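Step one of this worksheet: look at the structure below.
Structure, rendered in structure tokens:
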């Protein structure tokens, strides 16, 4: 059985440690105490909680077959005459998108603007740390 300490759970969920503590204290997320008194969260419980958070879509999001949505902030926009590169920082993740300059201009993407990266791919590499 895999268990996670609050700090690791917060990192995996992309929230602060205090947020995870509040969820535990409010009874939204189950936790137990280990032998040293630290709170632990069962991996299966954390996965179910993460899925429930993901099932609660952002306001204003329409129907889409894409399931991978990462909210963040635009950190860089590089334009040329036809194409543009947009960098988004979504929690600890840097997402880079190449799109037409026209799309960047129409969306009003500028450094500091909030943005959501919607990812749908036929190739996804999954890694597991030891």
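Numbering (my numbering), first residue to last: 753 to 882. From the three backbone atoms N, C-alpha and C, an ideal C-beta is built for every residue, glycine too. Bear in mind that the values here come from a model prediction, so they are computed numbers and not experimental data.
Collapsed DSSP secondary structure at residue i in the structure displayed
i           : result
residue 771 : helix
residue 760 : helix
residue 879 : coil
residue 783 : coil
residue 860 : coil
residue 794 : strand
residue 839 : strand
Own chain partners of residue i with C-beta closer than 8 Å, once the 5 adjacent residues on each side are dropped
i           : result
residue 802 : 764 and 765
Distance CB(residue i)-CB(residue j) smaller than 8 Å
i           : j           : result
residue 793 : residue 805 : no
residue 869 : residue 822 : yes
Own chain residues within Cβ distance below 7 Å of residue i, not counting five before or after
i           : result
residue 812 : For residue 812, the pLDDT reaches just 49, beneath the cut-off of 50, and the residue's location in the model is therefore unreliable, although a value from the coordinates is still provided. If we look at residue 812 and ignore the five residues flanking it on each side, it has no Cβ neighbours.
Selected residue, minimal CA-CA separation from residue i, among the options
i           : options               : result
residue 796 : 755, 825 and 776      : 755
residue 836 : 779, 798 and 848      : 848
residue 851 : 844, 839 and 798      : 839
residue 844 : 768, 871, 776 and 874 : 768
Inter-residue CB distance, residue i and residue j (contact presumed, cutoff 8 Å)
i           : j           : result
residue 829 : residue 861 : 6 Å
residue 825 : residue 864 : 7 Å
residue 776 : residue 757 : The pair is not a contact, with the Cβ atoms about 12 Å apart (cut-off 8 Å).
Own chain residues within Cβ distance below 6 Å of residue i, not counting five before or after
i           : result
residue 831 : 853
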